[in-house]
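J.: One structure follows; several queries about it will come next.
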Amino acid sequence: MNTPDMSPTHHRYAVYFAPNPGSLGWLAGSHWLGRCAALLQPLQQLAIDGVAADDLHRLTAAPRRYGWHATLKAPFALAPGTDWITLHQAVQSVARGLQPFVLPPLQVQRIDDFLALVPPALHPANAQIQETAATCVTALQPLAAPLSDADLARRRSAGLTARQDALLQQWGYPFVLDEFRFHMSLTGSLAQVDPPTQALVFEAAQEFFSDLPTLKFNSLALFAEPAPGADFVLLDHLEMGA
27 MNTPDMSPTH
37 HRYAVYFAPN
47 PGSLGWLAGS
57 HWLGRCAALL
67 QPLQQLAIDG
77 VAADDLHRLT
87 AAPRRYGWHA
97 TLKAPFALAP
107 GTDWITLHQA
117 VQSVARGLQP
127 FVLPPLQVQR
137 IDDFLALVPP
147 ALHPANAQIQ
157 ETAATCVTAL
167 QPLAAPLSDA
177 DLARRRSAGL
187 TARQDALLQQ
197 WGYPFVLDEF
207 RFHMSLTGSL
217 AQVDPPTQAL
227 VFEAAQEFFS
237 DLPTLKFNSL
247 ALFAEPAPGA
257 DFVLLDHLEM
267 GA
């Protein structure tokens with residue numbers, strides 16, 4: 027575990043799964059996105075035949091801002107009276123109560139209109155993934171500020187089911203608990219991308235991540251958004267079961 031950054035409170039925080047910086051799992055995903063959220067620097071992206079570098083950079087802009095990760099507790103502002111040290115201690119406590127495990131091999135799939143790495147749908151490890159994510163959501167919610175009316179409206183504009191809206195109001199995010207799906211985003215929306223380019227990016231991602239080493243889910247990664255709209259940064263990894 028790193029020594030927590032004593033800097034002033036950031037705009038928002040998030041708890042993610044993320045491979046440890048310097049590992050092959052971290053480097054592969056960070057290079058695909060074009061940014062290292064630990065070193066806070068751009069990285070060279072893969073050259074894909076038939077896809078302009080600027081186009082790939084644009085297609086990966088949305089996940090690049092958040093850093094290489096899978097969401098557990100989606101970005102949230104701290105509740106009044108809660109500070110960064112309190113949050114860090116809470117995430118550490120949650121991590122200690124969770125048992126580490128090994129993720130199943132991840133596969134490139136299209137989810138709605140974007141690409142992501144996901145575990146096989148019927149793999150037995152999915153139950154532990156779901157349990158870990160649910161624990162993060164429920165245990166840390168008391169430290170999160172209520173969503174503003176503007177935040178609620180923004181989320182609802184995407185078109186939520188009644189269940190998702192109820193989750194949004196209770197937990198601050200619609201895709202949690204039974205609506206949660208573990209994924210590591212590889213692109214933003216492909217809705218406006220021509221089918222041949224989509225196919226090239228999909229095939230390149232499959233080949234690029236085919237040799238991805240087995241990822242250990244042995245820590246919770248605490249990220250922060252320093253200011254509204256800023257790139258997210260990795261603050262710390264809190265070991266599970268420690």
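Following our numbering, the numbering of the sequence shown begins with 27 at its first residue and continues without gaps. In this text, a Cβ means the ideal position worked out from N, Cα and C, and glycines have one as well. Since this is a predicted model, take the numbers as computed values, not measurements.
Going straight from the alpha carbon of T158 to that of D81, what length do you get?
T.: 35 Å
J.: Can you look up V259 in the DSSP assignment and give me helix, strand or coil?
T.: strand
J.: Could you tell me which residues DSSP puts in a beta bridge with R136?
T.: DSSP output for R136 lists L141 as bridge partner(s).
J.: Using the rule of at least 16 other Cβ atoms within 10 Å of the residue's Cβ for burial, across every protein chain shown, is A233 buried or exposed?
T.: The sequence given here places Glu at residue 233; Ala does not occur at that position. The residue is exposed, with fewer than 16 neighbouring Cβ atoms inside 10 Å.
J.: Could you tell me whether the stretch 116 to 129 touches the stretch 163 to 182, where touching means 3 or more Cβ pairs closer than 8 Å?
T.: yes
J.: Does the pairing of the stretch 191 to 198 with the stretch 124 to 136 give three or more beta-carbon distances under 8 Å?
T.: no
J.: Going by DSSP in three states, Y92 sits in which element: helix, strand or coil?
T.: helix
J.: Identify whether S119 lies in helix, strand or coil by the three-state DSSP scheme.
T.: When secondary structure is reduced to three states using DSSP, S119 falls in the helix class.
J.: Could you tell me if Q190 is buried or exposed, where buried requires 16 or more neighbouring beta carbons within 10 angstroms of its beta carbon?
T.: buried
J.: Rounded to the nearest angstrom, what separates A79 and T108 at their Cα positions?
T.: So the alpha carbons of these two residues sit roughly 43 Å apart.
J.: Alpha carbon to alpha carbon, what distance is there between L113 and L105?
T.: According to the sequence provided, residue 105 is Ala. The question's Leu does not apply to it. When rounded, the distance between both Cα atoms is 10 Å.
J.: Helix, strand or coil: how does DSSP classify A188 here?
T.: helix
J.: Please determine, among F228, A40 and F243, the residue with the shortest C-alpha to C-alpha distance to M137.
T.: Note on identity: in this sequence residue 137 is Ile, with Met being the wrong assignment. Answer by Cα proximity: F228.
J.: Alpha carbon to alpha carbon, how far is R182 from D175?
T.: 10 Å
J.: Counting along the chain, where does the alpha helix (DSSP H) carrying E205 start and finish?
T.: Looking at the DSSP string, E205 is not in any alpha helix (DSSP H), and its letter there is neither H nor E.
J.: Kindly list the residues whose CB is nearer than 8 Å to the CB of P160, restricted to its own chain and excluding five residues on each side of it in sequence; keep chain order.
T.: Note that residue 160 is Ala in the sequence shown here, rather than Pro. V202, L203 and F206.
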